[in-house]
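**Student:** This is the structure I have questions about; it appears just below.
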Amino acid sequence: MKTSQWLSLSRAARLAGVSRGELQARVRQQDVATFEGQIAVGDLIGLYPEVDIDHDPVLERMALIKSKARPKSRYTDNWLPEPEVLMARLQDFQHVLTRTKASLNTIEEVLGEVTGQLEAAAEADERSLRTAVRALAVRLRQSLDKAQARVDRRAELFAKDAMLRFFSVSARIESSGHEFFVEGRDSLLEAALKAGLHLDYGCSSGNCGSCKVRVLDGKVRKIREHDYLLTAREREQGWCLACSNTAVSDVLLEANEAHSPDDLPSQAVRCVVRKIEPVSDDLRLVHVQTPRTQTLRFMAGQRVSATLEDGQRRDLAVASCPCDGRHLQFLVRLRADDGFVAGLLAGRTSQTLLLEGPFGDFLLDDDSADPAVFVAVGDGFAPVKSLIEHTITIDNVVAMYLFRIDAVPHGSLLGNLCRSWNDALDNFVYRRLDAHLAPDAALQMIAETCGELAKCRLYVAGPRDWIAGFLAGAAAAGVAADRIRTDVIDIG
Ligand code: FES
Numbered sequence: 325m326k327t328s329q330w331l332s333l334s335r336a337a338r339l340a341g342v343s344r345g346e347l348q349a350r351v352r353q354q355d356v357a358t359f360e361g362q363i364a365v366g367d368l369i370g371l372y373p374e375v376d377i378d379h380d381p382v383l384e385r386m387a388l389i390k391s392k393a394r395p396k397s398r399y400t401d402n403w404l405p406e407p408e409v410l411m412a413r414l415q416d417f418q419h420v421l422t423r424t425k426a427s428l429n430t431i432e433e434v435l436g437e438v439t440g441q442l443e444a445a446a447e448a449d450e451r452s453l454r455t456a457v458r459a460l461a462v463r464l465r466q467s468l469d470k471a472q473a474r475v476d477r478r479a480e481l482f483a484k485d486a487m488l489r490f491f492s493v494s495a496r497i498e499s500s501g502h503e504f505f506v507e508g509r510d511s512l513l514e515a516a517l518k519a520g521l522h523l524d525y526g527c528s529s530g531n532c533g534s535c536k537v538r539v540l541d542g543k544v545r546k547i548r549e550h551d552y553l554l555t556a557r558e559r560e561q562g563w564c565l566a567c568s569n570t571a572v573s574d575v576l577l578e579a580n581e582a583h584s585p586d587d588l589p590s591q592a593v594r595c596v597v598r599k600i601e602p603v604s605d606d607l608r609l610v611h612v613q614t615p616r617t618q619t620l621r622f623m624a625g626q627r628v629s630a631t632l633e634d635g636q637r638r639d640l641a642v643a644s645c646p647c648d649g650r651h652l653q654f655l656v657r658l659r660a661d662d663g664f665v666a667g668l669l670a671g672r673t674s675q676t677l678l679l680e681g682p683f684g685d686f687l688l689d690d691d692s693a694d695p696a697v698f699v700a701v702g703d704g705f706a707p708v709k710s711l712i713e714h715t716i717t718i719d720n721v722v723a724m725y726l727f728r729i730d731a732v733p734h735g736s737l738l739g740n741l742c743r744s745w746n747d748a749l750d751n752f753v754y755r756r757l758d759a760h761l762a763p764d765a766a767l768q769m770i771a772e773t774c775g776e777l778a779k780c781r782l783y784v785a786g787p788r789d790w791i792a793g794f795l796a797g798a799a800a801a802g803v804a805a806d807r808i809r810t811d812v813i814d815i816g
């Protein structure tokens, strides 16, 4: 007896949508047989032909009662088990699923084989039929034994995939083919931005409607109320707000993406300075936060114009990843004659900073899988840091090399960050070069580490003269000009 074909009376009654008492009465009337207090699935369906095994009226009733009784916060009741318990149960479920799928695979294979042999046997004369049937039985037994003894990797993968789908589903943008995973409690928009995509959006909070996407396939679910109203026709056509919906299943979306800086709107965002961290005696990492309802949309490697409360203004390279448009970072260097930096660093950490932009074209070649070589000279580390963080996010290149050429002392915040990339990523190589290294010598050392530079994409940021020398050396070494992108950063 396979226990999966039998149900307890309680479970059978619940599935049939009747009381346990009613089912017991049918058993007493001998309308249905039981075995050790259990009822066969086939008998239950015979008794209640309308039973839908996938439909559980009791569970639905419970869900309805709970939804009406549940307090405003969805997560304050005890309906769901603790995450650790849920995880353990899911792992058990994965093992059951693996075994079940493996059995199914075996049956499919054996059935195919049997069909072929039966077809052959049908052609045999009567005398050889008995022999053919015997041979078939032996073959069948061997196939079953062999299949049961082997580890079915397909079944393991199938079960693992099914398990992972509990935690994340995939979304694909139809026009570009870009794919991303929607995990945890992320909205479609949050998931796309975390994956390094440049989906259109504005407020991130359901007010502007800029993040409208159309669901072409799959299911989404609203995760927060929004003020922006979609028309009935839009809803019928599958439009929803990416910032207020998540994916329930794998989804195919129609969505607008920015593919170049020209696709991004010009923005003015009044931010607050949250933290100023020392990197060295004369270098600071400034953390800036946008308001909750507004983020800065930019591409990695771009700049903004920053204006202090007293009106002093400066162009700054954004030193953080565009995947987080709310928490921005900038590197600034202290100089005796620089009023902007003096004002910024002397000011309170809660002072406001008006950011306008973005602009600049020191951008990553998102579609290239070639090794990416980043060369950050002095204050050029700021845009390079943004590019590297974006590169890690989109996970598109086969290898990344970072060469830092500056006088920032060992053990600094930046040094630790570079080492953490080197330690955490298998495809990341970090080298610190002498701060006074000439471009020619640097190029030679970079080539020794990276191999054939002509097959790499190079991103170089630093002082104008240094870059000019590097470009001349790279051209002489046969690196095509379109494989090198540069950013002149003289003052940070
Ligand atoms: S970004 Fe404004 S409604 Fe979604």
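Note that my numbering has the sequence shown beginning at 325, numbered continuously upward.
Built from N, CA and C at the ideal position, the CB exists for glycine as well.
Please report the residue range of the alpha helix (DSSP H) in which LYS546 lies.
**Tutor:** From DSSP, LYS546 is part of no alpha helix (DSSP H) but of the beta strand (DSSP E) over 544-546.
**Student:** Hey, LEU333 and ILE363: beta-carbon distance below 8 angstroms or not?
**Tutor:** Contact: yes.
**Student:** Which full runs of the beta strand (DSSP E) of 3+ residues lie inside the segment 695-728, going along the chain?
**Tutor:** If we require 3 residues or more, the beta strand (DSSP E) runs fully inside the segment 695-728 come out as 696-701.
**Student:** Between the beta-carbon of ALA771 and the beta-carbon of PHE794, is there less than 8 angstroms?
**Tutor:** No, Cβ-Cβ distance for ALA771 and PHE794 is not below 8 angstroms.
**Student:** So which of ASP648, ARG650 and GLY625 has the shortest CA-CA distance to LEU640?
**Tutor:** Residue GLY625 is the option with its Cα nearest to LEU640.
**Student:** Grab me the residues of LEU537's own chain with a C-beta within less than 6 angstroms of its C-beta, minus the 5 sequence neighbours each way, in chain order.
**Tutor:** It is Val, not Leu, that sits at residue 537 in the sequence shown. Same-chain partners within the cutoff: ALA566, LEU577 and ALA579.
**Student:** Please give the ranges of any alpha helix (DSSP H) in the segment 582-638, keeping only runs that are unbroken, at least 4 residues long and fully inside the region.
**Tutor:** Listed in chain order, nothing qualifies, since the segment 582-638 has no complete alpha helix (DSSP H) run of 4 or more residues.
**Student:** Using the three-state DSSP reduction, which class does CYS774 fall into: helix, strand or coil?
**Tutor:** Reduced to three states, the DSSP call for CYS774 is helix.
**Student:** Could you tell me the distance, in whole angstroms, from the CA atom of SER736 to the CA atom of LEU521?
**Tutor:** If I take the Cα positions, the gap works out to 31 angstroms.
**Student:** Would you report the Cα separation of ALA426 and ALA471, rounded to the nearest angstrom?
**Tutor:** Answer to the nearest angstrom: the Cα atoms are 9 angstroms apart.
**Student:** May I ask you to report which of helix, strand or coil DSSP gives THR810?
**Tutor:** It is a strand residue.
**Student:** If you count every other CB in all the chains shown that lies within 10 Å of the CB of LYS709, and 16 or more means buried, which is it?
**Tutor:** Buried, by the Cβ-count rule.
**Student:** Would you kindly work out how many angstroms separate the C-alpha atoms of VAL572 and ARG545, rounded to a whole number?
**Tutor:** Each residue's alpha carbon lies about 6 angstroms from the other.
**Student:** DSSP beta-bridge partners for ARG781?
**Tutor:** The partner list for ARG781 (beta bridge, DSSP) reads ALA696.
**Student:** Just to confirm, are VAL506 and SER492 a CB contact at a threshold of 8 angstroms?
**Tutor:** Contact: yes.
**Student:** Checking contacts by CB at 8 angstroms: is GLN472 closer than that to chain D?
**Tutor:** Chain labels in this structure do not include chain D; a single protein chain is all it has.
**Student:** When DSSP labels each residue in this structure, what does PHE686 get in the three-state scheme?
**Tutor:** Coil.
**Student:** Jot down the residue ranges of each uninterrupted alpha helix (DSSP H) in the segment 454-511, minimum 4 residues, whole runs only, in chain order.
**Tutor:** You should have 477-491.
**Student:** Run through DSSP, which three-state label would GLN362 get?
**Tutor:** In the structure shown, GLN362 sits in a strand (DSSP, three-state: E or B).
**Student:** May I have a chain-ordered list of the alpha helix (DSSP H) segments no shorter than 4 residues that lie completely inside the segment 523-576?
**Tutor:** Taking only runs of at least 4 residues, the alpha helix (DSSP H) segments lying wholly in the segment 523-576 are 556-560.
**Student:** Should THR455 be labelled buried (16 or more other beta-carbon atoms within 10 Å of its own) or exposed?
**Tutor:** Looking at its Cβ environment, which holds fewer than 16 other Cβ atoms inside 10 Å, THR455 is exposed.
**Student:** Hey, out of HIS550, ASP814, PRO695 and LEU687, whose CA is closest to HIS583's CA?
**Tutor:** Considering only alpha carbons, the answer is LEU687.
**Student:** When you measure from the CB of HIS522 to every non-hydrogen atom of ligand 1, does any distance come out below 7 angstroms?
**Tutor:** For ligand 1, not one heavy atom lies less than 7 angstroms from the Cβ of HIS522.
**Student:** Between TYR725 and ligand 1, is there a pair consisting of the residue's CB and a ligand heavy atom that are separated by less than 7 angstroms?
**Tutor:** It does not: the Cβ of TYR725 is nowhere closer than 7 angstroms to a heavy atom of ligand 1.
**Student:** So what does DSSP say about ARG743, is it helix, strand or coil?
**Tutor:** DSSP places ARG743 in helix when its eight states are reduced to three.
**Student:** Suppose you measure from the CA of GLU447 to the CA of TRP330; what does that come to, to the nearest Å?
**Tutor:** Cα to Cα, GLU447 sits roughly 41 angstroms from TRP330.
**Student:** Any residue with its C-beta under 7 angstroms from a non-hydrogen atom of ligand 1 counts. Can you list them all in chain order?
**Tutor:** Cβ-based neighbours of ligand 1 within the cut-off: LEU513, TYR525, GLY526, CYS527, SER528, SER529, GLY530, ASN531, CYS532, GLY533, SER534, CYS535, HIS550, TYR552, LEU565, ALA566, CYS567 and SER568.
**Student:** For the beta strand (DSSP E) holding LEU756, just list the boundary residues, first then last.
**Tutor:** Before going further, note that residue 756 is Arg rather than Leu in the sequence given. That run of the beta strand (DSSP E) goes 752-757.
**Student:** Between which two residues does the alpha helix (DSSP H) harbouring HIS651 extend?
**Tutor:** Unbroken run through HIS651 is the beta strand (DSSP E), 651-657; no alpha helix (DSSP H).
**Student:** Identify, in the order they occur along the chain, each residue of the same chain with its Cβ nearer than 8 angstroms to the Cβ of ASP378, setting aside the five sequence neighbours on each side.
**Tutor:** Unreliable placement is indicated for ASP378, whose pLDDT of 49 sits below 50; the coordinate value is still reported in the next sentence. There are no such residues.
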